[in-house]
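A.B. asks:
Numbering (UniProt numbering), first residue to last: 1 to 500.
1) In the region 15-48, which residue ranges form an unbroken beta strand (DSSP E) of at least 3 residues, counting only runs that do not cross its ends?
2) Less than 8 Å separating the beta-carbons of residue 51 and residue 142?
3) Just the C-alpha distance for residue 357 and residue 494, rounded to the nearest angstrom, thanks.
4) On the DSSP letters alone, give me the boundaries of the beta strand (DSSP E) that residue 476 sits inside.
5) Here's a check: name, in chain order, each residue in its chain whose Cβ is nearer than 7 Å to the Cβ of residue 480, leaving out the five neighbours to either side.
6) Throw me the rounded Cβ distance for the residue 196 and residue 430 pair, which I believe falls under 8 Å.
7) For residue 2, which residues in the same chain have their Cβ closer than 7 Å to its Cβ, ignoring the five residues on either side in sequence?
8) Residue 218 to residue 331, Cα distance in whole Å?
9) Under 8 Å: do the region 115-122 and the region 23-35 share three or more Cβ pairs, one atom per stretch?
10) Taking just the CA atoms, how far does residue 416 sit from residue 17?
11) Only counting the same chain, and skipping five residues up and downstream in sequence, which positions put a Cβ closer than 6 Å to that of residue 95?
12) Exposed or buried, which one is residue 162 when buried takes at least 16 other CB atoms within 10 Å?
13) According to DSSP, simplified to helix, strand and coil, what is residue 160?
14) Expressed to the nearest angstrom, what Euclidean distance is found between the alpha-carbon atoms of residue 369 and residue 229?
15) State buried or exposed for residue 502, treating a residue as buried only when at least 16 other CB atoms are found within 10 Å of its CB.
16) Is residue 319 helix, strand or coil when you go by DSSP?
17) Pick from 181, 482, 377, 438: whose alpha carbon is nearest that of residue 501?
18) Given residue 13, which residues of its chain have a CB within under 8 Å of its CB, disregarding the five upstream and five downstream residues?
19) DSSP on residue 143, reduced to helix/strand/coil?
20) Alpha carbon to alpha carbon, how far is residue 53 from residue 144? Give it in angstroms, no decimals.
21) Just the C-alpha distance for residue 445 and residue 384, rounded to the nearest angstrom, thanks.
22) Exposed or buried, what is residue 136 when buried is set at 16 or more other beta-carbons lying within 10 Å of its beta-carbon?
23) Would you identify the three-state DSSP class for residue 292, choosing helix, strand or coil?
24) For residue 216, I'd like the list of residues in its chain whose CB is within less than 7 Å of its CB, leaving aside the five on either flank, ordered along the chain.
25) Do residue 81 and residue 338 come within 8 Å of each other at the CB atom, strictly closer than that value?
26) According to DSSP, is residue 358 part of a helix, a strand, or is it coil?
27) Give every residue of the same chain whose Cβ lies closer than 8 Å to the Cβ of residue 468, excluding the five residues on either side of it in the sequence, and list them in chain order.
28) Tell me the residue span of the alpha helix (DSSP H) that contains residue 389.
29) Mind checking residue 84: buried by the 16 CB within 10 Å criterion, or exposed?
30) Would you list the residues sitting across from residue 173 in a DSSP beta bridge?
31) May I have the straight-line CA-CA distance separating residue 55 from residue 43, to the nearest angstrom?
32) Which two residues bound the contiguous alpha helix (DSSP H) that contains residue 238?
33) Here's a check: name, in chain order, each residue in its chain whose Cβ is nearer than 7 Å to the Cβ of residue 192, leaving out the five neighbours to either side.
34) Taking the beta carbon of residue 335 as the centre, do at least 16 other beta carbons fall within 10 Å, making it buried, or is it exposed?
35) Which first and last residues belong to the alpha helix (DSSP H) in which residue 253 is found?
36) Pick out whichever of 214, 263, 151, 165 has its Cα sitting closest to the Cα of residue 105.
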């Protein structure tokens, strides 16, 4: 018997924001000085749901209406990025502009089910050989891609809803200049609130009771500044990929689960003693220190690193929403306010440890984990409003502001950059038809060497799990993955969950 595969049902919608008929012919939203700090890429943020077949068609309709309402509020996501006459760029929304909303039924046996994805920790690899089908075409992730180049009038957003066996996967494709990680989270919360209002109205037969919306959530005028052309200077040249960094095909992203109890144990282990000078470190500091230490240990012989040398580079993402005051940003600020704690920008009092301190073996001469955790804590604390304001003032003087865009590929081996996705936890968002099980940042095969993501605990469908902890996606050298997994102290804390 020959089983023929049917073509998946596919709907393509060009959606208008609610009330577009009364919109101005053109609206321009200037890029802020935060925006060029961010990578020039498209991001695919994916939400995973458990959903009955009986609710799928209605969920697709509710999401479409929710997007229409939300795009009428988050207006810079409906349009393209264009050059301004006086220099710089703006998000440009025209009256007739539409946004792509694609709905696919990928519910055949050749595609993974929500159970399959959950068993593989919602990894990118769980999408199998059909990963491309789950993403919008024309909006790929990757640095240096022409599709996201601001000189090519890139679109700012697109959305795809994939129905799979037992559930759904909803992807927001956003130009990174339009929103950072927490900006996407805030957009998602506004979208889910709007969807819930629509869902409830359908149940009662009444009109939606729309949640509140503050237009200040997309107002970044305090972070915009355009100097006359004759006052601008050339920025630093864009650094190429570091010559000692192995090629991209020698890296892979791997997933590890750190149970809550193990994270708490690491925090206790990393607390400085009175003999060490005291102080306090968070669970995040302890996790980062432990990961940094063990990655360095397996990398030292691979790169024949000098133990006496200072660690080459360390960085972390830092959301500035809670660090800017007078006035405080609105609670759901959707535009970029992301920067980083970068070792080369830290004050003299925050000194990188030596490679030997990081990689010191267990035993009597091991550098305490607290020493490394305190470095992470001090680096995080060194990122202040005053310091970032000074950086933004410098960016305003640059002729090409993209010259300061973050470039992880230029960093040397043994570097590490950590992006904390825990603040973007979307599992509490109520869309009416379902709540997300988790979220993932998908790159469709592209990898960024020395990059680690920290995902929040996922909402397991099998009930509450008191020991459900963070998921780490670590991009590292393929040859070193077995060595890391064989490290007894590492495997005592981190559970291997496969290739991401």
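Virtual Cβ for every residue (Gly too), placed ideally from N, Cα, C. Here the structure is a predicted model, which means the values were calculated and not measured.
C.D. replies: According to the structure shown:
1) 26-30
2) no
3) 22 Å
4) 470-477
5) Taken in chain order, the residues that qualify are 298, 299, 302.
6) For residue 196 against residue 430, the beta-carbon gap comes to about 5 Å, under 8 Å, which counts as contact.
7) Residue confidence for residue 2 is low, a pLDDT of 36 falling below 50, so the modelled location carries little weight and cannot support an answer.
8) Rounded to whole angstroms, residue 218 to residue 331 spans 11 Å at the Cα level.
9) no
10) 41 Å
11) Hits under 6 Å: 23, 25.
12) buried
13) strand
14) 50 Å
15) Because residue 502 is not part of the residues shown, which for the chain are 1 to 500, the question remains open.
16) strand
17) It is not possible to answer for residue 501, since the shown part of the chain is limited to 1 through 500.
18) 64, 100, 101, 102, 103
19) coil
20) Straight-line Cα distance between these residues: approximately 40 Å.
21) 35 Å
22) Around the C-beta of residue 136, 16 or more other C-beta atoms lie within 10 Å, and the residue is accordingly described as buried.
23) helix
24) These residues qualify, in order along the chain: 330.
25) no
26) Note: residue 358 maps to helix in three-state DSSP.
27) 259, 260, 457, 458, 460
28) 385-396
29) exposed
30) 44, 158
31) 28 Å
32) First-last for residue 238: undefined, no H or E at that position.
33) Cβ within range, chain order: 429, 430, 431.
34) buried
35) Not the alpha helix (DSSP H): residue 253 falls in the beta strand (DSSP E), residues 251-258.
36) 165
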